[in-house]
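Colleague: Letter by letter, the sequence shown follows residues 783 to 912 in our numbering. Beta carbons are placed, not taken as given, at the ideal position from N, Cα and C, and that holds for glycine.
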Amino acid sequence: MIGLYSSHATTYLLILMVSTTLAFALPIFLKPLVWARLMQWKIPQDTDLAVYFGRCLGAFILIIELVALRAALTGADLRLAFDLMFCVYGFMTVVHVYGALRRIQPITETLEIGFWILLAVLNLLFYPAA
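Written as C-alpha cells, this is what we have:
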C-alpha cells in the first residue's frame, strides 16, 4: 500500500505544491483578510481569526524547528535545514520591512528586522561546508 504510486511521486508533489501555494500560501501571505473573508470569517468580529493565523504560523515554525533538530542531532539534511532557515529569515525580513514602511506594526516588530538579518548572517557563518 505504501508507495503504490511512487513512480508518480514527483508529479504528485509538483501538483500538490502548485495548488496549495495558489489556494492557500500566497493568498494568506499576500492578502490574509481577503482570504479570511473568502473563508467566511467575520472581520473584525471574529477575533478567533488571529488565533487561527497564530496557530497556523506556529505549526509551520514547529516543522522548521523539527527539521533543524533532526539535522542538529543526526547530521541528516543539514544543508536543507540551513536552506530552510535562509527562506524563513528572508521572508520574515520582507514581512517586517513591509510593515515598517506601511507603518502598520508596533516598533517592536520593526526592530525585529535586525534580528532576522542577524540570524541570516549567522546562518551564512555556520553554513555547512561542501
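Can you check the segment 857-899 for any alpha helix (DSSP H) of at least 4 residues that lies completely inside it and give the ranges in chain order?
Modeller: The qualifying runs are 860-884.
Colleague: Residues in its own chain within less than 8 Å of V849 by CB, not counting five upstream and five downstream?
Modeller: D859, L862, A863 and L866.
Colleague: Distance, Cα to Cα, V816 vs T792?
Modeller: Going by the C-alpha atoms only, they are around 32 Å apart.
Colleague: Among residues of its own chain, excluding the 5 on either side of T892, which ones have a beta-carbon nearer than 8 Å to its beta-carbon?
Modeller: Closer than 8 Å at the Cβ level, and outside the excluded window around T892, lie H878, G881 and A882.
Colleague: Taking the alpha-carbon of F835 as reference, which of P809, A854 and E847 has the nearest alpha-carbon?
Modeller: Nearest option by C-alpha distance: P809.
Colleague: Jot down the residue ranges of each uninterrupted alpha helix (DSSP H) in the segment 785-846, minimum 4 residues, whole runs only, in chain order.
Modeller: Here the runs fully enclosed are 791-802, 808-812 and 814-820.
Colleague: Under 8 Å, do L839 and A818 count as touching if we go by C-beta distance?
Modeller: Cβ distance not < 8 Å, so L839 and A818 don't count as in contact.
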